[in-house]
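Report on the following structure.
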Amino acid sequence: MLEDAHRAMTETAVAGDPFAFGEANARFHGLIMEASGNGTLLDIWRRLDVRSRATVNIIRMGRDLKAIAQSHLPILRAIASGRPEAARRAARAHILGYRPKVTPAERRDDTP
């Protein structure tokens, strides 16, 4: 199932469809949340509406869909090989690699 979600992500990336990509991306990550067996985590995941947020960020930031799809491969491979620590490291690297970059001019400084 995770492989199918990744395949869909790759196909929508090649097609250049950010909306379908957002759906496939959310499915990929949602499957991981479901597999965790952590009901609280899954509930929070669902409430965050990650699909919409990711799609907006992809469009707004002009992200390379193919590169994003490719960045999921280490996670997929680590999970498939049964190495949870490697999967955790890969997921962390993936998330940190696609954080929106905030320039100093965009930072809000509330200090007097």
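Everything in the sequence shown is counted per the working numbering, starting at 2 for the first residue and increasing by one.
The beta carbon of each residue, even a glycine, is placed where N, CA and C say it ideally should be.
Bear in mind that the values here come from a model prediction, so they are computed numbers and not experimental data.
Short Cβ contact (7 Å threshold) for residue i with residue j
i	j	result
residue 14	residue 20	no
residue 32	residue 6	yes
residue 88	residue 51	no
residue 91	residue 81	no
residue 25	residue 36	no
residue 66	residue 3	no
Cβ neighbour criterion (16 or more within 10 Å) applied to residue i
i	result
residue 59	buried
residue 39	exposed
residue 11	buried
residue 97	exposed
residue 1	The chain is shown only over 2 to 113; residue 1 falls outside these bounds and no answer can be derived.
residue 55	buried
Residues of its chain near residue i, where Cβ-Cβ distance is below 6 Å and the 5 sequence neighbours each way are ignored
i	result
residue 83	none
residue 75	91
residue 63	none
residue 72	95
Distance cut-off 6 Å: residue i Cβ against heavy atoms of the ligand MG
i	result
residue 85	Of ligands this structure carries none, so the ligand MG is not represented either.
Residue i (DSSP reduced to helix, strand or coil)
i	result
residue 78	helix
residue 5	helix
residue 17	coil
Same chain only: Cβ atoms within 8 Å of residue i, ignoring 5 sequence neighbours per side
i	result
residue 42	34
residue 46	30, 31 and 34
>> Quick check for students: name the residue ranges of the alpha helix (DSSP H) that lie wholly in the region 30-89, counting only runs of 4 or more.
In response: 40-49, 51-62, 66-72 and 74-81
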